[in-house]
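Visitor: In order, the protein sequence lines correspond to chains A, B, C and D.
Residue numbering for the first sequence follows the numbering used here, beginning at 12 and increasing consecutively.
Residue numbering for the second sequence follows the numbering used here, beginning at 12 and increasing consecutively.
Residue numbering for the third sequence follows the numbering used here, beginning at 12 and increasing consecutively.
Residue numbering for the fourth sequence follows the numbering used here, beginning at 12 and increasing consecutively.
Before I ask anything, let me first share the structure, which is written out below as structure tokens.
Protein chains: 4
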Amino acid sequence: MTARKERILKSSLELFTENGFHGTSTYGISQHAEVSEGLIFRHFRNKEGLGKAMVEYANEQLSMLYEPILREVDAVIVVRKSLEFPFNLPQALLPYLKLRTKLEWELNLENTDHFAPLRNALINAFTTLGYYQPVQEARVVEMLIEGTLAEVLKDKLADADVLLAYFKTKYAL
Amino acid sequence: MTARKERILKSSLELFTENGFHGTSTYGISQHAEVSEGLIFRHFRNKEGLGKAMVEYANEQLSMLYEPILREVDAVIVVRKSLEFPFNLPQALLPYLKLRTKLEWELNLENTDHFAPLRNALINAFTTLGYYQPVQEARVVEMLIEGTLAEVLKDKLADADVLLAYFKTKYAL
Amino acid sequence: MTARKERILKSSLELFTENGFHGTSTYGISQHAEVSEGLIFRHFRNKEGLGKAMVEYANEQLSMLYEPILREVDAVIVVRKSLEFPFNLPQALLPYLKLRTKLEWELNLENTDHFAPLRNALINAFTTLGYYQPVQEARVVEMLIEGTLAEVLKDKLADADVLLAYFKTKYAL
Amino acid sequence: MTARKERILKSSLELFTENGFHGTSTYGISQHAEVSEGLIFRHFRNKEGLGKAMVEYANEQLSMLYEPILREVDAVIVVRKSLEFPFNLPQALLPYLKLRTKLEWELNLENTDHFAPLRNALINAFTTLGYYQPVQEARVVEMLIEGTLAEVLKDKLADADVLLAYFKTKYAL
DNA sequence: TATGAATGAGCGTTCATTCAT
DNA sequence: AATGAATGAACGCTCATTCAT
Chain A
12 MTARKERILK SSLELFTENG FHGTSTYGIS QHAEVSEGLI FRHFRNKEGL GKAMVEYANE
72 QLSMLYEPIL REVDAVIVVR KSLEFPFNLP QALLPYLKLR TKLEWELNLE NTDHFAPLRN
132 ALINAFTTLG YYQPVQEARV VEMLIEGTLA EVLKDKLADA DVLLAYFKTK YAL
Chain B
12 MTARKERILK SSLELFTENG FHGTSTYGIS QHAEVSEGLI FRHFRNKEGL GKAMVEYANE
72 QLSMLYEPIL REVDAVIVVR KSLEFPFNLP QALLPYLKLR TKLEWELNLE NTDHFAPLRN
132 ALINAFTTLG YYQPVQEARV VEMLIEGTLA EVLKDKLADA DVLLAYFKTK YAL
Chain C
12 MTARKERILK SSLELFTENG FHGTSTYGIS QHAEVSEGLI FRHFRNKEGL GKAMVEYANE
72 QLSMLYEPIL REVDAVIVVR KSLEFPFNLP QALLPYLKLR TKLEWELNLE NTDHFAPLRN
132 ALINAFTTLG YYQPVQEARV VEMLIEGTLA EVLKDKLADA DVLLAYFKTK YAL
Chain D
12 MTARKERILK SSLELFTENG FHGTSTYGIS QHAEVSEGLI FRHFRNKEGL GKAMVEYANE
72 QLSMLYEPIL REVDAVIVVR KSLEFPFNLP QALLPYLKLR TKLEWELNLE NTDHFAPLRN
132 ALINAFTTLG YYQPVQEARV VEMLIEGTLA EVLKDKLADA DVLLAYFKTK YAL
């Protein structure tokens with residue numbers, strides 16, 4: 012990957028996140044990346060190719076999102092870290108998270124179930140902890156996480172501290 | 012409101028929901044509405060005006076979304092109806108809900124807190140029911156609802172029945 | 012001539028003078044005249060018709076432009092009044108003069124020789140006054156008048172007083 | 012400046028001069044210049060930009076208009092060449108002169124005082140020649156020139172020879 | 001690999017004009 | 001006489017894309 016190709020990717024990340032896919036022109040990207048417009052097409056064939064590359068790139072970055080949780084063996088800590096997760100997002104990954112969420116809504120991306128690994132970890136944890144319906148409980152936590160995440164990505168979450176504390180008491184953490 | 016203006020609105024609803032704002036052309040709308048393209052601009056000034064009108068129109072339709080719940084006096088029923096809400100959406104309103112959600116993500120609409128009235132109703136309900144932290148509990152239900160809603164709008168919710176049942180047992184309904 | 016037709020004419024005068032023929036839209040005229048756009052076409056058939064009517068209307072108004080000079084019998088006074096003419100324009104006629112000049116340049120109007128009557132009067136005057144080449148002298152005065160007029164219509168004439176005085180001394184007035 | 016950009020400029024000169032700014036479409040220009048329409052906007056940003064570039068371009072061409080006169084040291088010759096000037100226009104510059112005059116009237120260009128250098132030269136000449144009011148005399152010549160020029164640009168000047176001869180006798184040339 | 005001039009389809013928009021009322 | 005909803009062609013302009021260098 013050459014330096015300019017990377018600059019194109021970085022600029023696309025920024026501009027797609029800000030203005031969406033259709034709201035961003037290849038000319039705009041080239042300007043922002045200080046690169047000739049033609050180069051975008053040499054590297055990505057067309058705009059759609061750039062979009063796909065962007066999403067793949069973002070997914071790669073995000074692939075290790077839950078990794079610290081998945082490595083965890085203690086069931087209680089798995090639950091706690093899961094609940095803390097949307098409140099404590101790795102700053103470096105936030106742009107990629109925003110991009111993926113935005114593009115999933117704008118384009119109708121066939122959304123792979125990104126949450127699956129974490130959900131499985133939660134199911135295991137709740138099974139270990141003796142929950143009566145661990146699968147459903149995992150889903151409940153999933154909803155809490157994704158609901159919180161949505162607010163975070165929109166910069167709308169005002170009561171982060173008190174909310175997280177309450178989440179924890181709910182699960183006796 | 013003339014018949015053709017209404018047809019433009021209906022077509023916009025459909026096409027914006029399907030392909031997003033930037034992904035929909037005014038020509039496409041005029042074709043779909045069987046109307047001259049110029050008429051769109053006579054009625055809405057420009058595409059942005061049409062977008063705003065659409066969002067307002069959708070918001071009007073959606074304003075009565077929670078109304079049956081808000082009228083409810085029995086605290087238990089308020090909670091139950093709230094939890095049932097995303098599983099039991101009024102079919103007529105679903106398109107408007109999809110549109111609003113999609114456009115909120117694509118364009119960066121400063122999103123008014125649509126959930127506020129329902130949240131307040133839930134706070135009251137949980138207060139009545141003697142919950143220790145009714146405000147936070149309302150937020151938890153909000154997350155459950157919005158998380159579920161997001162999956163519904165993306166046609167991703169596979170375990171609706173079992174999930175709703177579990178929600179209810181959680182709140183002893 | 013109905014009141015509204017007259018309002019259309021007045022608005023056209025103003026807007027054509029300000030922004031030219033092509034720079035003025037029939038919609039703009041209808042707004043300015045507080046009249047429905049359709050009415051313009053009922054009265055003038057099409058925009059070109061309105062343009063022609065405007066020019067005719069202006070020409071009618073301007074037909075009496077030189078009239079006070081033409082009535083004059085004293086040769087000296089004819090010359091003096093002629094030279095004073097662009098410095099002392101009838102305010103009511105100024106807009107029509109601006110319009111005609113502007114449209115003559117914008118559209119390539121086959122320009123009737125508006126100046127002819129005054130030129131003839133000047134020829135007579137200079138003949139009476141014993142000028143050696145009265146026709147050419149009339150042409151010189153014509154140039155002085157039209158040159159001055161052009162500056163007046165563009166609001167560019169800064170040295171009006173001193174210039175008129177000099178003109179007069181030249182012709183011993 | 013690429014060849015195509017120059018072709019756009021040349022075509023604009025021709026078409027603007029013929030039909031005015033608003034009367035000329037960018038599509039028409041592109042056809043005439045045998046160039047894609049988009050190229051106009053790549054080079055000039057928008058139609059207004061093209062208009063401004065045209066006027067500047069014309070002004071550049073016209074900047075050397077009076078240059079042969081300004082170089083002249085003999086006062087008599089300055090006056091003679093000045094009077095001859097509108098009768099003896101460099102054919103290559105005529106289109107630019109037409110364009111500038113036309114656009115100054117159609118658009119309301121704040122018209123820089125193009126005549127200033129020549130006027131100053133005339134003032135000097137008349138001073139040298141011992142005229143009592145050289146400034147005003149220069150203004151008189153200016154009016155003669157601009158009046159004649161206007162007729163020339165409109166192809167209205169029928170008595171060129173006799174008129175020029177008379178001008179010369181007036182100034183004893 | 002990288003540029004930048006150039007393209008042409010299509011976009012949002014304006015405009016003169018028509019027509020039912 | 002007068003309105004105002006509606007049209008469709010054309011306009012200025014943007015955009016993804018190509019290609020010679």
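Even for Gly, the Cβ is constructed at its ideal location relative to N, Cα and C.
Thinking C-beta only, is residue 153 of chain D closer than 8 Å to residue 137 of chain D?
Guide: Not in contact: residue 137 of chain D and residue 153 of chain D (Cβ atoms no closer than 8 Å).
Visitor: Within the 8 Å Cβ cut-off, does residue 142 of chain A reach chain B?
Guide: No, residue 142 of chain A lies away from the interface with chain B (no Cβ there is under 8 Å from its Cβ).
Visitor: Where residue 181 of chain B and residue 56 of chain B are concerned, what is the direct C-alpha to C-alpha distance, given to the nearest angstrom?
Guide: The alpha-carbon atoms of residue 181 of chain B and residue 56 of chain B are separated by roughly 51 Å.
Visitor: State the Cα-Cα distance for the pair residue 16 of chain C and residue 50 of chain C, rounded to the nearest angstrom.
Guide: Roughly 8 Å between the two C-alpha positions.
Visitor: Use the C-beta contact count for residue 159 of chain C: other C-beta atoms within 10 angstroms, 16 or more gives buried, fewer gives exposed.
Guide: Buried, since its Cβ has 16 or more Cβ neighbours within 10 Å.
Visitor: Residue ranges of each alpha helix (DSSP H) run of no fewer than 4 residues wholly in the segment 98 to 154 of chain C, ordered along the chain?
Guide: With a minimum length of 4 residues, the continuous alpha helix (DSSP H) runs that stay inside the segment 98 to 154 of chain C are 105 to 117 and 127 to 139.
Visitor: Residues in the segment 144 to 157 of chain D with C-beta within 9 Å of chain C's C-beta atoms, listed in sequence order?
Guide: Going along the segment 144 to 157 of chain D in chain order, one finds 144, 146, 147, 148, 150, 151, 153, 154, 155, 156 and 157 with a Cβ nearer than 9 Å to chain C.
Visitor: What does a CB cutoff of less than 6 Å around residue 44 of chain D pick up in its chain, not counting 5 residues either side in sequence?
Guide: Same-chain partners within the cutoff: 18, 19 and 22.
Visitor: Mapping the DSSP letters down to three states, classify residue 158 of chain C as helix, strand or coil.
Guide: It is helical.
Visitor: Quick check: the Cα distance between residue 110 of chain A and residue 29 of chain A, rounded to an integer number of angstroms?
Guide: Going from the Cα of residue 110 of chain A to the Cα of residue 29 of chain A covers about 8 Å.
Visitor: Does the distance from the C-beta atom of residue 133 of chain D to that of residue 90 of chain D stay below 8 Å?
Guide: Yes; because the gap between Cβ atoms is below 8 Å, this pair is in contact.
Visitor: From this set, A/123, A/173, A/183 and A/59, which residue's C-alpha is nearest residue 140 of chain A's C-alpha?
Guide: It is A/183 whose Cα lies nearest to the Cα of residue 140 of chain A.
Visitor: Here's the rule: buried if 16 or more other CB atoms are within 10 angstroms of the residue's CB, otherwise exposed. What is residue 47 of chain D?
Guide: The residue is exposed, with fewer than 16 neighbouring Cβ atoms inside 10 Å.
Visitor: Considering just the uninterrupted stretch of the alpha helix (DSSP H) at residue 59 of chain D, what are its terminal residues?
Guide: Residues 58 to 73.
Visitor: Shortest alpha-carbon distance to residue 167 of chain B belongs to which of A/155, A/123, A/142 and A/128?
Guide: Looking at the Cα atoms, A/123 is the closest of the given residues.
Visitor: In the structure shown, what three-state DSSP assignment does residue 41 of chain B receive?
Guide: Helix at residue 41 of chain B.
Visitor: Between the Cα of residue 85 of chain D and the Cα atoms of D/125, D/71 and D/135, which residue gives the shortest distance?
Guide: Considering only alpha carbons, the answer is D/135.
Visitor: Measure from the alpha carbon of residue 5 of chain B to the alpha carbon of each residue in A/61, A/161, A/150 and A/73, then state which is nearest.
Guide: Because chain B here runs from 12 to 184, residue 5 of chain B falls outside it and cannot be looked at.
Visitor: Along chain A, which residues have their Cβ under 7 Å away from the Cβ of residue 31 of chain B?
Guide: Those are 33 and 117, listed as they occur along chain A.
Visitor: Note down, in chain order, every chain C residue with its Cβ under 7 Å from the Cβ of residue 107 of chain D.
Guide: Ordered by position in chain C, no residue passes the 7 Å Cβ test against residue 107 of chain D, which lies about 16 Å from the chain.
Visitor: Within 8 Å (strictly less), CB to CB, does residue 175 of chain B reach chain A?
Guide: So no, residue 175 of chain B is outside the interface.
Visitor: Let me confirm a value: residue 74 of chain A is counted as buried when at least 16 other C-beta atoms fall within 10 Å, else exposed. Which label applies?
Guide: Exposed.
Visitor: Checking 8 Å against the spacing of the C-beta atoms, do residue 117 of chain C and residue 62 of chain C come in under that value?
Guide: Result no, Cβ atoms of residue 117 of chain C and residue 62 of chain C do not sit closer than 8 Å.
Visitor: Given that residue 113 of chain D touches chain C, what residues does it touch there, using C-beta distances under 8 Å?
Guide: What residue 113 of chain D touches in chain C: 116 and 117.
Visitor: In three-state terms, what does DSSP make of residue 169 of chain D?
Guide: It is coil, neither helix nor strand.
Visitor: What's the C-alpha gap between residue 27 of chain A and residue 39 of chain D?
Guide: Approximately 36 Å, taken between the alpha carbons.
Visitor: Taking Cβ-Cβ distances shorter than 8 Å, what residues in chain C pair up with residue 122 of chain D?
Guide: Ordered by position in chain C, the residues that pass the 8 Å Cβ test against residue 122 of chain D are 165 and 167.
Visitor: Name the chain A residues whose beta carbon is nearer than 7 Å to that of residue 159 of chain B?
Guide: Correct list: 154.
Visitor: Tell me whether residue 65 of chain B is buried or exposed, calling it buried when 16 or more other Cβ atoms sit within 10 Å of its Cβ.
Guide: With 16 or more other Cβ atoms within 10 Å, it is buried.
Visitor: Compute the Euclidean distance between the alpha carbons of residue 142 of chain C and residue 67 of chain C, then round it to the nearest angstrom.
Guide: Distance between the alpha carbons of residue 142 of chain C and residue 67 of chain C is about 36 Å.
Visitor: What does the alpha-carbon distance come out to for the pair residue 41 of chain D and residue 58 of chain A?
Guide: Answer to the nearest angstrom: the Cα atoms are 28 Å apart.
Visitor: Could you check the C-alpha separation between residue 70 of chain C and residue 120 of chain C for me, to the nearest Å?
Guide: Going by the C-alpha atoms only, they are around 13 Å apart.
Visitor: Measure the alpha-carbon distance for residue 169 of chain A versus residue 72 of chain A and round it to whole angstroms.
Guide: So the alpha carbons of these two residues sit roughly 27 Å apart.
Visitor: Take residue 175 of chain D as the anchor and find which of D/25, D/13, D/98 and D/37 has the nearest alpha-carbon.
Guide: Considering only alpha carbons, the answer is D/98.
Visitor: To which residues of the same chain is residue 145 of chain D closer than 7 Å at the C-beta, ignoring the five residues directly before and after it?
Guide: Closer than 7 Å at Cβ, skipping near neighbours: 134, 137 and 138.
Visitor: If you draw a straight line from the alpha carbon of residue 52 of chain D to that of residue 60 of chain D, how long is it in whole angstroms?
Guide: Each residue's Cα considered, the two are about 9 Å apart.
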